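Peer 1: Here it is, the structure in full.
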Amino acid sequence: MVNFELSDEQKMLQETARSFAENEIRPVAEEYDRDSKFPMDVIKKAWEIGLMNTSIPEEYGGGGLDLLSGTIIEEELSWGCSGIATSIFANGLASAPVEIGGSDEIKKEFLTPLTEEPKLASFCLTEPDAGSDVASMKTTAVKKGDKYVINGSKCFITNGSHADWYTVYAKTDPDAGHRGISAFVVPRDAGVVVDKKEDKLGQRASDTAMITFPEVEIPAKNLLGEENAGFKLAMQTLDTTRPGVAAMATGIQQAALEHAVAYAKERVQFGVPIAMHQAIQFMIADMATKVEASRLLYMKSAWLLDNGQRNSLVASHAKRFASDSAMETAVDAVQVFGGYGFIKEYPVEKLMRDAKIMQLYEGTSQIQRLVIAKETLMPRQAVTA
Ligand code: COS
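Numbering-wise, the working numbering comes out as the position in the sequence shown, counting from 1, plus 111.
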């Protein structure tokens, strides 16, 4: 039986998140974007009311929520400001490999502190010469007795300047391609260096940093899962987080649509509100369809995982479609606003700048198409969800 109704608990979460976005995020979004100001105060408030660390199991102090509930929150906060939302949800990306591959001891050591205080963690996969091509990474981890020594640099790291710990992917067998990568938890005080904070086109409230690991020594027990199984752990992690990116892209679209509708009803040209012109109506109609389809896709991709099924294909459908739609919808919202859309005093140019990253981070739209094509042409047998 198909049921598109959210549970009472999910509806309550949705309302809480929408009201948080309305009252705590939207009022500061423009200022934090303009000044590229890190939203630590908003993060603290989101943490206090339980909108962060939703996926961390209750036994480690987290919300223990299913993925669908988490993604619903992501859509709403992103409706407020996707830059601030990204800062709030980056812990989910860093925690997922620990939740999937960490021992009980490591989960207690690293997940529990995130739930006791508003602390941050970052996910370190991408390198200057290894973006889409994860397997070409150069960072190494060499085992020395009961320690690993990590050397290398990671780039585009969300919350990198503010994180207490990092999940880091490194080569443990440099000649083995994707089968020679392992994942580790690295505490900041092990000697992690924050090299530089990036100055970005959009999502300017979020922190994006270059991070270096110069001969950083960590205990061998900080290995997540099996040695040389880090690539699969990264892919499994992205299966759990791409639905969330699709949800954030849906939040941007919802905001763009609402702004465009309100403006179209009030702006008068040729003697009537521009909403009366079919040229505008067709743009609004396409925007509305994209929002609806994006929402259904992200929800299905989360629901599949919640129900123990592999979601790689649907997560890529959702991430690809919602991200591309966010870009198109934001561009169209600017078009509906005409010349005013290009002016910073109006809200839609920010949405256009913010939407772009949706097509880039957590796998570009082209990488999602690769996954979709591969899964469609050569469906993979069930891999652990
Ligand atoms: N879950 C579990 N295992 C997976 C998996 C998944 N979702 N996807 C792939 N794997 C496994 C495969 O089963 C295969 O295992 P074997 O070693 O046993 O053969 C292995 O991983 C390699 O898979 P595949 O052959 O599909 O990899 P490709 O090199 O063809 O493609 C892409 C990998 C390009 C899809 C991958 O590198 C990718 O997603 N890149 C983008 C990275 C990204 O999103 N970066 C953003 C960083 S976070 S901001």
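The C-beta atom is built at its ideal place from N, Cα and C for all residues, glycine as well. Predicted model, so just to flag it, every value in this text is computed and none were measured.
Regarding L349 and the ligand COS, is the C-beta to nearest heavy atom distance less than 7 Å?
Peer 2: yes
Peer 1: Kindly indicate which residue of A357, K467, D244 and A441 has the alpha-carbon position closest to the one of H428.
Peer 2: Looking at A357, K467, D244 and A441, the one whose alpha-carbon comes closest to that of H428 is A357.
Peer 1: P325 lies in the alpha helix (DSSP H); which residues open and close that run?
Peer 2: Taken as a continuous stretch (DSSP letters only), P325 belongs to no alpha helix (DSSP H), being part of the beta strand (DSSP E) at T319 to P330.
Peer 1: Is it right to say K282 is buried, meaning 16 or more other beta carbons lie within 10 angstroms of its own, or is it exposed?
Peer 2: buried
Peer 1: Alpha carbon to alpha carbon, how far is I199 from V383?
Peer 2: 42 Å
Peer 1: Please report how far the alpha carbon of M321 lies from the alpha carbon of L349, in whole angstroms.
Peer 2: Taking C-alpha positions only, M321 is separated from L349 by approximately 21 Å.
Peer 1: So is A196 buried or exposed if we call it buried at 16+ other beta carbons inside 10 Å?
Peer 2: buried
Peer 1: Write down the C-beta distance between R315 and D144 rounded to the nearest angstrom, noting that I regard them as a contact closer than 8 Å.
Peer 2: Cβ atoms of R315 and D144 come within 8 Å of each other, at about 5 Å.
Peer 1: Is Y451 helix, strand or coil by DSSP?
Peer 2: Three-state DSSP puts Y451 in a helix.
Peer 1: Is the region 429–446 touching the region 463–480 in the sense that three or more CB pairs, one from each, lie closer than 8 Å?
Peer 2: Yes: at least three Cβ pairs fall under 8 Å.
Peer 1: For the alpha helix (DSSP H) containing V139, list its first residue and its last residue.
Peer 2: R137 to D146
Peer 1: For the ligand COS, I want to know if A287 counts as a neighbour, meaning its beta carbon is within less than 7 Å of at least one of the ligand's heavy atoms.
Peer 2: no
Peer 1: Among E135, P229, A367 and L178, which one has its Cα closest to the Cα of V442?
Peer 2: A367
Peer 1: Can you tell me where the beta strand (DSSP E) holding I292 begins and where it ends?
Peer 2: I292 to P298
Peer 1: How do the region 271–278 and the region 292–308 stand: do at least 3 beta-carbon pairs fall below 8 Å, yes or no?
Peer 2: Three or more pairs of CB atoms, one per stretch, sit closer than 8 Å, so the region 271–278 contacts the region 292–308.
Peer 1: Pull up the distance between the alpha-carbon of R406 and that of D257, whole angstroms please.
Peer 2: Going from the Cα of R406 to the Cα of D257 covers about 47 Å.
Peer 1: Starting from T182, follow the alpha helix (DSSP H) in both directions and report where the run begins and ends.
Peer 2: L178 to G191
Peer 1: Can you tell me where the alpha helix (DSSP H) with V305 in it begins and where it stops?
Peer 2: No alpha helix (DSSP H) contains V305, which is instead part of the beta strand (DSSP E) from V304 to K308.
Peer 1: Report back the beta-carbon spacing between G362 and S189 to the nearest angstrom; my notes put them in contact at under 8 Å.
Peer 2: Confirmed, about 3 Å.
Peer 1: Measuring only from the beta carbon, is T237 closer than 7 Å to any heavy atom that is part of the ligand COS?
Peer 2: yes
Peer 1: Could you round the C-beta distance between A331 and Y259 to whole angstroms and report it? I think they count as a contact, below 8 Å.
Peer 2: 6 Å
Peer 1: Among K255, N270, K254 and T250, which has the Cα closest to the Cα of S264?
Peer 2: T250
Peer 1: Tell me whether Y277, by its Cβ, gets closer than 7 Å to a heavy atom of the ligand COS.
Peer 2: No, since every heavy atom of the ligand COS falls outside the 7 Å radius drawn around the Cβ of Y277.
Peer 1: DSSP three-state label for L335, please.
Peer 2: strand
Peer 1: What residue range does the alpha helix (DSSP H) around T250 cover?
Peer 2: Unbroken run through T250: none, as it is neither H nor E.
Peer 1: Anyone know if the C-beta pair for F221 and V296 falls short of 8 Å?
Peer 2: yes
Peer 1: Tell me which same chain residues have a C-beta within less than 6 Å of the C-beta of P298, skipping the five on either side of it?
Peer 2: W276
Peer 1: Use the C-beta contact count for A360: other C-beta atoms within 10 angstroms, 16 or more gives buried, fewer gives exposed.
Peer 2: Counting every other CB atom within 10 Å of its CB across the protein chains shown gives A360 a total of 16 or more, marking it as buried.
Peer 1: Would you list the one or two residues that DSSP bridges to E210?
Peer 2: None; E210 has no bridge partner.
Peer 1: If you reduce the DSSP assignment to three classes, tell me which class D262 lands in.
Peer 2: According to the sequence displayed, residue 262 carries Asn and not Asp. It is a strand residue.
Peer 1: Where does the unbroken alpha helix (DSSP H) through E218 begin, and where does it stop?
Peer 2: The identity of residue 218 in the sequence shown is Lys, whereas the question assumes Glu. Per DSSP, K218 belongs to the alpha helix (DSSP H) from D215 to E227.
Peer 1: Would you decide whether M123 is buried or exposed? Buried here means 16 or more other CB atoms lie within 10 Å of its CB.
Peer 2: exposed
Peer 1: Can you tell me the Cβ-Cβ gap for V253 and F324, rounded? I've got them flagged as a contact below 8 Å.
Peer 2: With a Cβ gap of about 12 Å, V253 and F324 do not count as contacting.
Peer 1: Please report how far the alpha carbon of Y451 lies from the alpha carbon of I167, in whole angstroms.
Peer 2: 43 Å
Peer 1: Quick check on this structure: which residue in N418, A207, R464 and D318 has the alpha carbon closest to the alpha carbon of C509?
Peer 2: The chain is shown from 112 up to 496; residue 509 falls before or after that span and cannot be answered.
Peer 1: In chain order, what residues of the same chain lie with their CB nearer than 7 Å to the CB of A404, ignoring the 5 residues before and after it?
Peer 2: F432
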